[in-house]
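Here the structure comes first, spelled out in structure tokens, and everything after it is commentary.
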Amino acid sequence: MIKLLYIFTKPVPFRKHSSKQTNLYHIMPALEVRNLKKSFGDVQAVKDISFSVEPKEFFGLLGPNGAGKTTSIRMITGVLNPDAGSVIIEGTDLKKNFLEAKMKMGVIPEVGNIYPDLSARENIDLVGRFYGLSKATREDRADKLLTDLGLKERADDLTRKFSKGMRQRVSIACAMVHEPPILILDEPTEGLDVMSRRLIVDKVKEMNRKGSTVILTTHNIEEASRLCQRVCIVNKGSIVAIDTPDRLRKTTEMMQMVEVAFDRKVEQAWFLTGYISRAELCNDKWRFYADDLDKAIEQIVKVKEEQGVKILSMSTSGPTLEDVFVKLCEVH
Amino acid sequence: MNWNVYLRGISVVARKDMRIYYRKAPVFIFGLILPTFLFLAFFVGRELDINKYFPGFLAMSLFFTSSSVGPLIVPWEKQQGTFERLLTYPLSISSIVLGDCIAGAVFGLLISVIVGTFGILLIPITVTDIALIILAFALGNLCFSGLGVLLSSPGGKAPANIMMLAALVRFPLIFVSGIFIPVSEMTGAARYITYGSPLTYLVDLLNHSMGQDYVFDWWADLLVLTGFTVLFVTVAMSVLRRMSLKGL
Ligand SMILES: Nc1ncnc2c1ncn2[C@@H]1O[C@H](COP(=O)(O)OP(=O)(O)OP(=O)(O)O)[C@@H](O)[C@H]1O
Ligand SMILES: [Mg+2]
């Protein structure tokens, strides 16, 4: 019986993209989500979500608690059946070719855990088996991942003795062992310290550089705006915005602001020509608002030279992604 | 459907279960200790024909061991959060259920081979049909392992509750399956009740293969056991599928 089982576990070579597929691969989105819907009883967790993610893109899903991010991720990763809509992974329909589609993903679910009764190495090895990797490949990759994630010394300890951060690092190793073309991570760094967070983020960035598409949900807006090429803001089960972090900041009709302290009194009228649309005195400093920061500063410098005043300090602040996020989620 | 990936999923799930769950305390208690005590309570120190009752005892031990792993796995994995993760691997609900069934069946098979061998060597029991006993072991273990997995599928995440439920279902079965009183010696309603228990057919099959009194034809026993196996496994799959639609 056990012998028989071994026959089934013989590795099946995991075909990446053959030359024939390469052409298709370039025009085909890595992930396409069409009209996904899911309700739990009366709660419409996901109302009607569609988006697509390009190959090699670093894509963020942002939204307040209960927005439907995890529910969307669970449908995309085949854990939950959608009430309606479809999910296409590199051209493979998740519903029609369930197993093939799942072969292409590496996932850290929000509540997904690793086996506490297995060591770090055994956990990674087990996942490698699920994806049909050969023994040698499994061992090599486990070694490399454990080293990169700073777990080398504890590789053979049971993970029940690990801290949360260490468990999460094993978890990310499990999601990466088969070097998936698409990585889907639901709040992978939630509640971790700086070290663990950095190790995980660096590893994810490395995978992205090597060509994996990354889809990340997070509450850490700063992290999202730093990492993601595009972010999708979800609120109450619907998409409210989807764009690059920079453009999102610009399109929310919030002005940029320059705060300047001068060495003596200046007149408001000096500045209100050209690019600066508003100027106000706030404590001892002047605040100038403009759409184009660069032009505004140019003008301030011009005024300074014409009037012979000195600038004591100057700082700029635009709307952060957080401002955008709060604004969008309030409106809706 | 990619059969290669599907079959590999089943076998890796089964191996994982063997590696992790055979060592869990509830498996040891419900699978090994319990049938041993039942044996001691009913057979030892009484003037019974051991040859006549051995097939029943063997069936009972097979029943308890093979159905002890199944109720544990799914609730345990839901509780520790690994079940959701399994679903993200190239697996489906059906490959998880089949893998769990195989793990339970292999455990039952190992123990029943040991018990059977002891019986043959020590008592000694005579086996009249070796092929039939192999079939009975294979089918019986799959069937009751399937029952074990089925018992765990509807519940929540507390393994202790599921183990209780599983014990509640399993215990009465051994009293209505011709283990302590052979079906051939029963009359009236009691006899009809035994027909509803899948364990009856395993006892009957073992009676066939050890030259004891039997009630049904051997092929009928095999047929009914196969039917129960398919029933348990498919119901387990559909219940789990429904649970996962609701978000587990
Ligand atoms: N299994 C379930 N049963 C019932 N309701 C659910 C279930 N899962 C999610 N919900 C509901 O669906 C909505 C969306 O939840 P979801 O977990 O997708 O949010 P989220 O965006 O991931 O939030 P968070 O940032 O807190 O993780 C919530 O109102 C939640 O209560
Ligand atoms: Mg969530």
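Protein chains in written order, with our numbering: chain A, 1 to 332; chain B, 333 to 580. All C-beta atoms in this analysis are idealised placements derived from N, C-alpha and C, irrespective of residue type, glycine included. Predicted, not measured: the structure shown is a model, and the values here were computed from it.
In the three-state reduction of the DSSP assignment, Ala175(A) falls in the helix class, which pools H, G and I. Ser399(B) is the residue among Met569(B), Leu339(B), Ser399(B) whose C-alpha sits nearest the C-alpha of Ile361(B).
When 8 Å is used as the limit between beta carbons, Tyr421(B) is near these residues of chain A: Lys102, Val127, Phe130, Tyr131, in chain order. Distance check between Phe389(B) and each of Trp408(B), Leu471(B), Pro403(B), Phe369(B) places Phe369(B) closest, using alpha-carbon atoms only. At least one beta carbon of chain B lies nearer than 8 Å to the beta carbon of Val107(A). Among the bridge pairs identified by DSSP, Ser529(B) is matched with none. Our two residues, Ala568(B) and Thr92(A), have alpha carbons roughly 29 Å apart in a direct line. Using a 10 angstroms sphere on the CB of Asn493(B), the tally of other CB atoms stays under 16, which defines it as exposed.
Cβ atoms of Phe396(B) and Leu366(B) come within 8 Å of each other, at about 6 Å. In the three-state reduction of the DSSP assignment, Ala279(A) falls in the strand class. With the criterion set as a beta carbon lying under 7 Å from some beta carbon of chain B, the members of the segment 88 to 100 of chain A are Phe98, Leu99, Glu100, in sequence order. Taking 8 Å as the CB threshold, Asp117(A) lines the interface with chain B. CA-to-CA, the gap between Thr147(A) and Leu394(B) works out to about 46 Å. Taking the Cα of Ile405(B) as reference, the smallest distance to any Cα among Arg573(B), Ala522(B), Arg351(B) is reached at Arg351(B). Secondary structure at Phe162(A): coil, using DSSP grouped into helix, strand and coil. Contact annotation: in the segment 71 to 82 of chain A, residues whose CB is within less than 7 Å of a CB in chain B are Thr77, Gly78, Val79, Leu80, Asn81. Of all residues in the segment 41 to 67 of chain A, none comes within less than 7 Å of chain B when Cβ atoms are compared. Legend: CB atoms of the segment 191 to 203 of chain A lying less than 7 Å from CB atoms of chain B are not found in any residue. Within 7 Å of the C-beta of Glu153(A) there is not a single heavy atom belonging to ligand 1.
Any Cβ of chain B closer than 8 Å to the Cβ of Val111(A) would place that residue at the interface, and such an atom is present. In the three-state scheme derived from DSSP, where H, G and I count as helix and E and B as strand, Ser238(A) is classed as strand. Counting every other CB atom within 10 Å of its CB across the protein chains shown gives Thr526(B) a total of 16 or more, marking it as buried. About 7 Å separates the beta carbons of Val204(A) and Leu183(A), which is inside the 8 Å limit, making them a contact pair. DSSP, read as helix, strand or coil, puts Ala490(B) in coil.
In chain order, Asn81 make up the part of chain A whose C-beta sits under 7 Å from the C-beta of Leu577(B). Inclusion of Ile49(A) and Ile239(A) in the CB contact set at 8 Å is warranted, their separation being smaller than that value. Taking a cut-off of 8 Å on C-beta distances, the segment 507 to 518 of chain B does not touch the segment 421 to 440 of chain B, as fewer than three cross pairs fall below it. Closer than 8 Å to the CB of Gln544(B) there is not a single CB belonging to chain A. A distance filter of 7 Å between CB atoms and the heavy atoms of ligand 2 selects the following residues in sequence order: Lys69(A), Thr70(A), Glu110(A), Asp186(A), Glu187(A), Thr217(A). Two segments are said to touch when three or more pairs of C-beta atoms, one from each, lie closer than 8 Å; by this definition the segment 353 to 360 of chain B does not touch the segment 275 to 284 of chain A.
For the pair Asp193(A) and Gly150(A), the CB atoms are not nearer than the 8 Å cut-off. Secondary structure in the segment 349 to 375 of chain B: the alpha helix (DSSP H) runs of 4 residues or longer, each lying completely within the stretch, are 357 to 360, 366 to 375 in chain order. Of all residues in the segment 393 to 423 of chain B, only Gln412, Gly413, Thr414, Glu416, Arg417, Leu419, Thr420, Tyr421, Pro422, Leu423 place a beta-carbon less than 8 Å from a beta-carbon of chain A. Within the segment 342 to 353 of chain B, Ile342, Ser343, Val344, Val345, Ala346, Arg347, Lys348, Met350, Arg351, Ile352, Tyr353 place their CB atoms closer than 9 Å to a CB of chain A, listed in sequence order. Between the alpha carbons of Ala290(A) and His178(A) lies a distance of about 49 Å. Residues of chain A whose Cβ lies closer than 8 Å to the Cβ of Val337(B) are, in chain order, Val12, Leu99, Glu100, Met103, Gly132.
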